[in-house]
Amino acid sequence: LPALAGAVATARFRPERIAARLDTQLIATDLADYLVRRGVPFRRSHEAVGVVVKRSEDLGCGLHELSLDDFRAAHEQFEADVLDLFDWDRSADSRAVPGGTGRPALEAQLGSAEARMARLEADR
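Everything in the sequence shown is counted per my numbering, starting at 97 for the first residue and increasing by one.
As structure tokens, this is what we get:
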């Protein structure tokens, strides 16, 4: 943990470079969750998302570049609001569970790590 703390303390994060590397296929889970919230069984949701991902690969484009018709061809429960899912902050924050990627969960994890580091420093 101390070595990791040193690495993080000296790391330089470049949000613009991170954002440039994000691939909308990472949103595939959000797409399946979207269909499940509309009453589609997860197995069928997973299959439909597989069709959507294959379509984007065949076209050589990102999921966010597909048309609503492409989504609807995979499953009729896709509506125009599916395109709203392609928001990285919203995607991360939708996982607001302990250990998840939502902002409150990350803040709790960081607080816990800081407390552990403080205890390690105090024990030195």
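For each residue, glycine too, the CB sits at the ideal point set by N, CA and C.
- Item | Cα-Cα separation between ALA192 and VAL132, rounded to whole angstroms | 18 Å
- Query: Per DSSP, what kind of secondary structure is ASP183 in: helix, strand or coil?
  - Reply: Looking at ASP183 - three-state DSSP - the assignment turns out to be coil, as it is neither helix nor strand.
- Can you list, in chain order, the residues of its chain whose CB lies under 7 Å from that of ASP189, leaving out five sequence neighbours each side? GLY198, ARG199
- Query: How big is the Cα-Cα spacing for VAL178 and PRO98?
  - Reply: 43 Å
- Message: Beta-carbon within less than 8 Å of TRP184's beta-carbon, same chain only, minus the 5 sequence neighbours each way: which residues are those?
- Response: ALA115, LEU118
- Using DSSP with H/G/I as helix, E/B as strand and the rest coil, what is GLY196? Of the three classes helix, strand and coil, the one that applies to GLY196 here is coil, per DSSP.
- Message: For a test of the three-state rule: what should DSSP assign to SER190, helix, strand or coil?
- Response: Note: SER190 maps to coil in three-state DSSP.
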